[in-house]
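Novice:
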Amino acid sequence: MRIVFVHAPYAAREVPGRDLYWERLDDRYYPAHPRARRMRRVMWELPHWIPWLAGVVATDGTFETATLNLYVDGSVTDGIDEELVRREVSRCPGDVYLFSPMTVNLPQALRVAEIVKEEYPRARTVFGGIVATPLRAELARHRSVDVVVHGPGEEALMGLLTAFASGADWTGTGNLAFDAGAGRVHVTPARHDRTPLSSLPFPKVDVFDPSVGGEIRYIRQNYALGCPFRCDFCTIQTIGRRPQYALPDRVFAEIDAYRDRYGAHHSVYFGDETFTLNTDRTLDICALLARRGDVHFDCQTRLNCLNDVRLPSALYAAGCRWLEVGLESLNQATQDSMKQWTRLGALREILRRLRDAGLLVCTYTIIGLPVESRDDMCRTVDQVAALIDEGLLTASYVSVFVPYPGTSYFAAPERHGMRLHHREFDRYHEELPPVFDTPLATPDEVYSVYLDALRKFGGAMESGALNAEVS
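If you read the sequence shown in this note's numbering, its first letter stands for residue 64, the second for the next number, and so on.
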């Protein structure tokens with residue numbers, strides 16, 4: 064049985080001022096990564112779920128696997144290249160096609176699934192992942208979807224594929240949703256937890272052609288999976304709240320395998336939700352990375368997980384050169400209401416320590432949080448730009464707030480004073496006007512602040528002080 068992993072395309076969008084903003088950010092990012100090469104085409108990163116699940120599927124020994132990579136070539140402005148997609152689907156026959164899209168490319172993934180059904184009527188299509196889990200009943204009704212795997216998917220998927228291959232009854236497998244006929248959707252109970260990282264098979268690193276190495280910014284890697292924090296805007300239901308850690312030797316083996324396949328010049332991006340959550344574990348792996356001495360890496364964390372004064376120097380010695388800190392807003396009332404549990408009074412002191420250790424620090428700024436007025440958003444933008452000017456921050460990503468499926472903002476927007484405009488999910492986009500109203504700010508006001516942030520952050524990154532010497 065042939066299993067095809069589908070990396071779905073998305074609808075590209077035109078955004079005023081975005082290109083210049085990214086040019087300024089990259090002028091700071093790439094000097095911090097002297098071996099990095101600018102992407103030939105922008106795939107950005109390998110979709111981690113594909114080598115991960117392909118490794119699980121490969122343990123059976125009887126399944127053939129293939130990858131249908133439509134992310135770059137299939138994406139065009141405001142849509143997808145259907146002629147190209149159909150041609151590529153026709154060249155990639157399979158018995159089961161697996162999809163794990165994000166919210167923003169869910170409509171495009173569904174259209175690809177329709178084309179699969181048109182080309183191969185007997186093939187089965189299976190959806191899972193971060194948006195399929197909260198929308199499992201809705202997706203199960205879609206004419207192009209045979210089965211949805213909800214929640215952690217490793218064990219459920221293997222049970223499903225094994226039943227498909229043998230012709231056995233699969234409808235009692237846990238963590239599934241499917242059309243039961245007569246307008247009913249049957250959802251089986253969640254019987255499968257997340258497979259421990261220590262028990263996962265080695266990822267199937269060769270699922271993409273080596274040339275894809277020229278289209279990615281870095282190699283994504285996980286040391287830990289899971290986050291105990293409960294930020295209201297975060298979609299984490301398929302990852303879990305109890306962090307679990309991989310063995311360092313396994314982490315290094317995966318890094319080496321990915322770099323052997325896609326290019327030794329690549330730095331590593333640790334995709335842990337909060338890399339410095341457990342100080343002792345962070346210091347442990349930093350010591351091992353420092354001993355290796357051949358891995359430059361980026362990681363993400365939270366301000367309240369950087370209080371230990373040992374962390375900045377340990378991170379730098381380990382090879383960290385770009386540290387991403389989620390702030391979202393510099394209004395304390397917003398932090399409290401979004402359950403961030405971040406105290407902004409320590410911000411400048413922590414940023415100074417990071418700067419003095421040699422780390423380049425980039426933050427995340429979100430425009431349009433439902434508890435904020437236009438003035439609140441503008442204050443955050445001005446303060447972040449000032450921190451870049453001063454050299455305490457190197458850069459800031461900026462996005463429009465999106466009420467993603469899987470959050471209470473989508474499930475119960477009225478609880479947050481919101482009214483959703485529609486469910487056109489390819490417009491649930493962090494660079495497009497918001498898809499909701501609040502009493503505090505109109506969509507036009509929010510988007511004007513976002514566009515202003517692109518200009519101000521870009522200007523600050525062009526002229527501001529650089530907060531560390533790159534080495």
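Quick reminder that beta carbons are idealized off the backbone N, C-alpha and C, glycines included.
Can you say whether Ala75 is buried or exposed, counting buried as having 16 or more other CB atoms within 10 angstroms of its CB?
Specialist: If you number the sequence shown from 1, residue 75 lands on position 12. Result: exposed.
Novice: Could you check how far apart the C-beta atoms of Glu336 and Cys290 are, in whole angstroms? I think they sit under 8 Å.
Specialist: Position 273 of the sequence shown, counted from the first residue, corresponds to residue 336. Position 227 of the sequence shown, counted from the first residue, corresponds to residue 290. So it is a contact: roughly 4 Å between Cβ atoms.
Novice: Locate the alpha helix (DSSP H) running through Trp404, then write down its first and last residues.
Specialist: Start at 1 with the first residue of the sequence shown, and residue 404 comes out as number 341. Taken as a continuous stretch (DSSP letters only), Trp404 belongs to no alpha helix (DSSP H), as it is neither H nor E.
Novice: Kindly list the residues whose CB is nearer than 8 Å to the CB of Glu177, restricted to its own chain and excluding five residues on each side of it in sequence; keep chain order.
Specialist: Along the sequence shown, one-based indexing puts residue 177 at 114. Arg206 and Ser207, listed in sequence order.
Novice: Using a Cβ-Cβ cutoff of less than 6 Å, which residues in the same chain neighbour Trp233 once the five nearest sequence positions on both sides are dropped?
Specialist: On the sequence shown, residue 233 is found 170 positions in, with the first residue counted as 1. Leu223 and Ala226, listed in sequence order.
Novice: Leaving out five residues before and five after Arg81 in sequence, what residues of the same chain have Cβ atoms less than 8 Å from its Cβ?
Specialist: As a first step, residue 81 is located in the sequence shown; it is residue number 18 there, counting from the start. Excluding residues within five positions, the ones whose Cβ falls inside 8 Å are Glu494 and Leu517.
Novice: Less than 8 Å between the CB atoms is what I'm expecting for Gly237 and Arg254, so what's the real figure, rounded?
Specialist: Position 174 of the sequence shown holds residue 237. Position 191 of the sequence shown holds residue 254. By a beta-carbon distance limit of 8 Å, Gly237 contacts Arg254. Their separation comes to about 3 Å.
Novice: Using the three-state DSSP reduction, which class does Asp256 fall into: helix, strand or coil?
Specialist: Counting from one through the sequence shown, the residue named residue 256 turns up at place 193. Three-state DSSP puts Asp256 in coil, outside helix and strand.
Novice: Pull up the CB-CB distance for Leu55 and Tyr427, whole angstroms please, since I reckon it's below 8 Å.
Specialist: The structure shown has nothing for residue 55, since the chain only spans 64 to 534.
Novice: So, for Ala219: in the same chain, excluding its five sequence neighbours on each side, which residues have a beta-carbon less than 7 Å away from its beta-carbon?
Specialist: Position 156 of the sequence shown, counting from 1, holds the residue named residue 219. These residues qualify, in order along the chain: Val212, Thr236, Gly237, Asn238, Leu239 and His255.
Novice: Given this structure, state the Cα-to-Cα distance separating Trp85 from Gly521, to the nearest angstrom.
Specialist: Counted from its first residue, the sequence shown places residue 85 at position 22. Counted from its first residue, the sequence shown places residue 521 at position 458. Looking at the two C-alpha atoms, the distance is approximately 8 Å.
Novice: Could you spell out the range, first to last residue, of the alpha helix (DSSP H) harbouring Ala129?
Specialist: As a first step, residue 129 is located in the sequence shown; it is residue number 66 there, counting from the start. Per DSSP, Ala129 belongs to no alpha helix (DSSP H); it is in the beta strand (DSSP E), Glu127 to Asn132.
Novice: Under 6 Å Cβ to Cβ from Asn132, same chain only, skipping five residues before and after it: list those, please.
Specialist: Counting from one through the sequence shown, the residue named residue 132 turns up at place 69. Closer than 6 Å at the Cβ level, and outside the excluded window around Asn132, lie His70.
Novice: Does DSSP classify Ala531 as helix, strand or coil?
Specialist: Within the sequence shown, residue 531 is the residue found at index 468, counting from 1. Only weak support exists for where Ala531 lies, its pLDDT of 49 falling under 50; the value from the coordinates is given anyway. DSSP, read as helix, strand or coil, puts Ala531 in coil.
Novice: Comparing C-alpha positions only, which one of Thr342, Val67 and Val250 sits nearest to Ala287?
Specialist: The residue labelled residue 287 in the question sits at position 224 within the sequence shown. Selected option, being the one with the closest Cα: Thr342.
Novice: So, for Ile413: in the same chain, excluding its five sequence neighbours on each side, which residues have a beta-carbon less than 8 Å away from its beta-carbon?
Specialist: Position 350 of the sequence shown holds residue 413. Result list for Ile413: Leu366, Leu369 and Asn370, in chain order.
Novice: If you compare alpha carbons, which of Val248, Ala458 and Val509 is closest to Arg87?
Specialist: Position 24 of the sequence shown holds residue 87. Measuring from the Cα of Arg87, the nearest candidate turns out to be Ala458.
Novice: Use the C-beta contact count for Glu278: other C-beta atoms within 10 angstroms, 16 or more gives buried, fewer gives exposed.
Specialist: For the purposes of this step, residue 278 is taken as residue 215 along the sequence shown, with counting starting at 1. Classification for Glu278: buried.
Novice: Locate the alpha helix (DSSP H) running through Tyr427, then write down its first and last residues.
Specialist: Counting from one through the sequence shown, the residue named residue 427 turns up at place 364. No alpha helix (DSSP H) holds Tyr427; the beta strand (DSSP E) holding it covers Leu423 to Ile430.
Novice: Which first and last residues belong to the beta strand (DSSP E) in which Gly389 is found?
Specialist: Locating residue 389 in the sequence shown gives position 326, where the first residue counts as 1. Where Gly389 is concerned, the enclosing beta strand (DSSP E) stretches over Cys383 to Glu391.
Novice: What does the Cβ neighbour count give for Arg354, buried or exposed, with the cut at 16 atoms within 10 Å?
Specialist: As a first step, residue 354 is located in the sequence shown; it is residue number 291 there, counting from the start. Exposed is the call here.
Novice: Exposed or buried, what is Ala243 when buried is set at 16 or more other beta-carbons lying within 10 Å of its beta-carbon?
Specialist: Counting from one through the sequence shown, the residue named residue 243 turns up at place 180. Classification of Ala243: exposed, given that the 10 Å Cβ count is below 16.
Novice: Helix, strand or coil, according to DSSP, for Trp115 in the structure here?
Specialist: Along the sequence shown, one-based indexing puts residue 115 at 52. In the structure shown, Trp115 sits in a helix (DSSP, three-state: H, G or I).
Novice: I need the straight-line Cα distance from Tyr513 to Tyr491, nearest angstrom please.
Specialist: As a position in the sequence shown, residue 513 is number 450, starting the count at 1. As a position in the sequence shown, residue 491 is number 428, starting the count at 1. Distance between the alpha carbons of Tyr513 and Tyr491: 15 Å.
Novice: Exposed or buried, what is Ala523 when buried is set at 16 or more other beta-carbons lying within 10 Å of its beta-carbon?
Specialist: What you label residue 523 is simply residue 460 of the sequence shown in a count that begins at 1. Under a 10 Å Cβ-count criterion, Ala523 is classified as buried, with 16 or more other Cβ atoms of the shown protein chains found around its own Cβ.
Novice: When the distance is taken between beta carbons, is Thr505 closer than 8 Å to Met481?
Specialist: As a position in the sequence shown, residue 481 is number 418, starting the count at 1. As a position in the sequence shown, residue 505 is number 442, starting the count at 1. It is not a contact, given that the beta carbons lie outside the stated cut-off.
Novice: Beta-carbon separation of Ile193 and Met165 under 8 Å?
Specialist: For this step, residue 193 is matched to residue 130 along the sequence shown. For this step, residue 165 is matched to residue 102 along the sequence shown. Met165 is positioned such that its CB atom lies closer than 8 Å to that of Ile193.
Novice: Please return the same chain residues whose Cβ sits closer than 7 Å to the Cβ of Trp112, not counting the five positions on each side in sequence.
Specialist: Within the sequence shown, the letter at position 49 stands for residue 112. Taken in chain order, the residues that qualify are Ser163 and Gly192.
Novice: Look at Tyr321 and Val268 and say whether their C-beta atoms are less than 8 Å apart.
Specialist: The residue given as residue 321 occupies position 258 in the sequence shown. The residue given as residue 268 occupies position 205 in the sequence shown. Yes. Within cutoff.
Novice: Suppose you measure from the CA of Ala350 to the CA of Val105; what does that come to, to the nearest Å?
Specialist: Position 287 of the sequence shown, counting from 1, holds the residue named residue 350. Position 42 of the sequence shown, counting from 1, holds the residue named residue 105. If I take the Cα positions, the gap works out to 33 Å.
Novice: What do you get for Leu422, buried or exposed, if any count of 16 or more other CB atoms within 10 angstroms of its CB means buried?
Specialist: Reading the sequence shown from its first residue, position 359 is the one you call residue 422. It is buried - the Cβ of Leu422 has at least 16 other Cβ atoms within 10 Å.
Novice: So with Cβ pairs under 8 Å, would you call Arg199 a contact of chain C?
Specialist: No chain C is part of this structure, which consists of one protein chain only.
Novice: Alpha carbon to alpha carbon, what distance is there between Ser229 and Cys362?
Specialist: As a working note, residue 362 is residue 299 in the sequence shown. As a working note, residue 229 is residue 166 in the sequence shown. Straight-line Cα distance between these residues: approximately 43 Å.
Novice: Whose C-beta lies closer than 6 Å to the C-beta of Tyr472 among residues of the same chain, with five residues either side of it excluded?
Specialist: Against the sequence shown, residue 472 aligns to sequence position 409. Only Pro466 and His479 meet the Cβ criterion.
Novice: With a Cβ-Cβ cutoff of 8 Å, do Leu340 and Pro306 count as a contact?
Specialist: Here residue 340 corresponds to residue number 277 of the sequence shown, with the count starting at 1. Here residue 306 corresponds to residue number 243 of the sequence shown, with the count starting at 1. Contact: yes.
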